[in-house]
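Using our numbering, the letters of the sequence shown correspond one by one to residues 39 to 233.
See below for the structure under consideration.
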Amino acid sequence: MESLSLHERVILVGHSFGGMALSHVMERYPKKIVVAVFVTALMPGPKLNATTVNTETIRRAGSLGDSRYIYDNGPNNPPTAVTLGPMLLASRTYQRSPIQDWTLANTLVRPHRLFSDEDLTREITLSERNYGSVRRVAVISEDDKLVNKDFILWMIERNPPDQVLEVKGSDHMVMMSKPMQLFALLQHIANTTHY
């Protein structure tokens, strides 16, 4: 983002937990982003802080089944990362995607860092002035069982975006389960965005 010229503006897309990173970038570089697209993504905001979103994510996720937790700070401390298990991926993440994508995901899956409330508060503090000045689009995945529709609607109600769109028949991995629909939606956003 820093390498963009003063006159260049981009459309950024965040998926899943990438919504946290997208929000952080919106706060730092609001003048360089023409629209931010949250594809079945976590969407904190100035009035819905990242810690609250993270806590609600954990609460709503419930059991992660065959996933494995990593305790870098010892077994008496909270986990520091989680590796999503193959059965969880099959039943709640790739359940509508081609089997080949689930198979590939199982070979590529890596630990996902778990952030503490202190980490999130330090790294992601969002303001109306910066974050709030960027146009936002929330994309709902109809059959997402990881970041489900009810949770996305909960975030939308507390942090309303400029536009809400939905990809029908898609799972959490929208880019795998409904790639052409997602492409068409992103193309529509690009075509209707004024730079």
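No residue lacks a Cβ here, since even glycine has one placed at the ideal position from N, Cα and C.
Note that the coordinates shown come from a computational prediction; the quantities given were computed from them, not determined experimentally.
Practice item. Report the rounded CA-to-CA distance for H232 versus L191, giving the unit in angstroms. Key: 26 Å
Review point. For P84 versus S135, is the C-beta distance shorter than 8 Å?
Key: no
Exercise for review: Specify whether the region 122-138 and the region 194-205 touch according to this definition: at least 3 beta carbon pairs, one from each stretch, less than 8 Å apart.
Suggested key: no
Point to revise | Opposing strand residues paired with R151 [DSSP bridges] | key: A119
Check your understanding: From K187 to A79, what distance separates their C-alpha atoms?
Key -> 11 Å
Check your understanding: Can you tell me whether K69 is buried or exposed, with buried defined as 16 or more other CB within 10 angstroms of its CB?
Key -> exposed
Review point. For the candidate residues L126, Y132, M218, V63, whose alpha-carbon lies nearest to that of E238?
Key: Since the first and last residues shown for the chain are 39 and 233, residue 238 lies out of range.
Point to revise | Candidates V72, S105, L158: closest to E46 by CA position | key: V72
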